[in-house]
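When you line the sequence shown up against UniProt numbering, it's residues 1 to 313, in that order.
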Amino acid sequence: MLVNGKWSTEWHPVQATDKQGGFVRQTSSFRHWITPDGDSGFAAEPDRYHLYVALICPWASRALIARKLKGLEHLISVSVVEPQLYDQGWRFGDFPGADRDTLNQAEYLHELYTRADARYTGRATVPVLWDKKTATIVNNESADIVRMFNSGFGALADNHIDLYPHALREEIDALNETIYPRLNNGVYRAGFATTQISYQQAFNDVFTQLNELELLLQDGRTFLLGERLTEADIRLFVTLIRFDVAYHALFKCNLRRLRDYPLLDRYLKSMLAVSGVRDTVSIDHIKQGYYSIKALNPNGIIPAGPDMSAYGW
Ligand SMILES: N[C@@H](CCC(=O)N[C@@H](CS)C(=O)NCC(=O)O)C(=O)O
Numbered sequence: 001m002l003v004n005g006k007w008s009t010e011w012h013p014v015q016a017t018d019k020q021g022g023f024v025r026q027t028s029s030f031r032h033w034i035t036p037d038g039d040s041g042f043a044a045e046p047d048r049y050h051l052y053v054a055l056i057c058p059w060a061s062r063a064l065i066a067r068k069l070k071g072l073e074h075l076i077s078v079s080v081v082e083p084q085l086y087d088q089g090w091r092f093g094d095f096p097g098a099d100r101d102t103l104n105q106a107e108y109l110h111e112l113y114t115r116a117d118a119r120y121t122g123r124a125t126v127p128v129l130w131d132k133k134t135a136t137i138v139n140n141e142s143a144d145i146v147r148m149f150n151s152g153f154g155a156l157a158d159n160h161i162d163l164y165p166h167a168l169r170e171e172i173d174a175l176n177e178t179i180y181p182r183l184n185n186g187v188y189r190a191g192f193a194t195t196q197i198s199y200q201q202a203f204n205d206v207f208t209q210l211n212e213l214e215l216l217l218q219d220g221r222t223f224l225l226g227e228r229l230t231e232a233d234i235r236l237f238v239t240l241i242r243f244d245v246a247y248h249a250l251f252k253c254n255l256r257r258l259r260d261y262p263l264l265d266r267y268l269k270s271m272l273a274v275s276g277v278r279d280t281v282s283i284d285h286i287k288q289g290y291y292s293i294k295a296l297n298p299n300g301i302i303p304a305g306p307d308m309s310a311y312g313w
């Protein structure tokens, strides 16, 4: 991680743990906002912003999906880092499906953090939304980036779809409030727990949440809140698509596979059928990335399965 703008060799590829051995995710530090009128200092303009992502990363993938669904691909360019974390964190390079940083010529993502703030202290995480005009980071919090892509680009975006409609906000917020801690971050809490008790709590949370979602889908709805896809679906999808590939085995979330839940399985297939969503997924990056976490898989063997042909891979 960076300490006062210098890369520290003391960093640990796993984020912090609390007193009970539970996994603690760092909070994001760049929280500027893009607006249609530019009042915030960051105006919505074509070809001004760039998104740095890792395809292994569920948080970065949220931003990629929102960019697709809101028709912002031609306005916001993208670079993909290599799937594994190196000693200096995320790296640009020639791994299939990854990019060189042709915009800023960085070798490592952390260089962009120090370019934005020469004294930055913290982890250099993806996603990063970069402003080409002022050469700084606009925002590195995926939840913000999704909302910004939804409404910050005004008429420049495709507004046929509203990911956070006023009428559904309370329900979306309520779903986010349980899905994030129990499931999105719950799988990480299970995977990176360093005590049996914190693992067991996380494991219980993950499967309680999956069971509740399976029940919710019983009335035949296509998406979480009915027939309209919202940001709650983006946030759920990014975890579900990684579940059988990485979380079930590597993170020890092995009570059931995702495909053992008939309605969640159907839901996952419906999400993959939404135009643009599948393009944001790389099963190869997901596998390579998670299974190269040395703390969890010291020999770095990448599993040959699971069979993902039922999902079109
Ligand atoms: N709050 C952030 C979390 C992002 C995050 O934790 N990204 C991970 C990858 S999935 C990362 O870049 N980790 C690198 C590190 O911790 O050094 C968001 O949702 O945008």
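Glycine included, each C-beta is placed from N, C-alpha and C at the ideal position.
- Here Ser-309 is exposed, its C-beta having fewer than 16 other C-beta atoms within 10 Å.
- From the listed residues Arg-31, Asp-37, Gly-21, Asn-104, the smallest Cα separation to Phe-153 is found for Asp-37.
- Rounded to the nearest whole angstrom, the CA to CA distance from Gly-5 to Arg-123 is 11 Å.
- When Ala-295, Pro-306, Gln-196, Asp-307 are compared, the shortest CA-CA separation from Leu-85 is found for Ala-295.
- Per DSSP, the continuous alpha helix (DSSP H) segment holding His-110 begins and ends at 110 to 116.
- As the crow flies, the alpha-carbon of Glu-227 is around 14 Å from that of Glu-171.
- Around the CB of Glu-10, fewer than 16 other CB atoms lie within 10 Å, so the residue is classed as exposed.
- With 5 Å as the limit, the residues whose C-beta approaches a heavy atom of ligand 1 more closely than that are Ser-28, Cys-57, Trp-59, Arg-123, Thr-125, Val-126, Glu-141, Ser-142, in chain order.
- In this structure, Leu-51 sits away from Ile-34, with a CB-CB distance that is not shorter than 8 Å.
- Between Gly-276 and Leu-69, the CB-CB gap stays under 8 Å.
- Counting only the Cα atoms, Tyr-108 lies some 13 Å from Ala-98.
- With contacts defined by Cβ atoms closer than 8 Å, Leu-258 and Asp-244 form a contacting pair.
- Assignment of beta-bridge partners to Tyr-290 by DSSP yields no partner.
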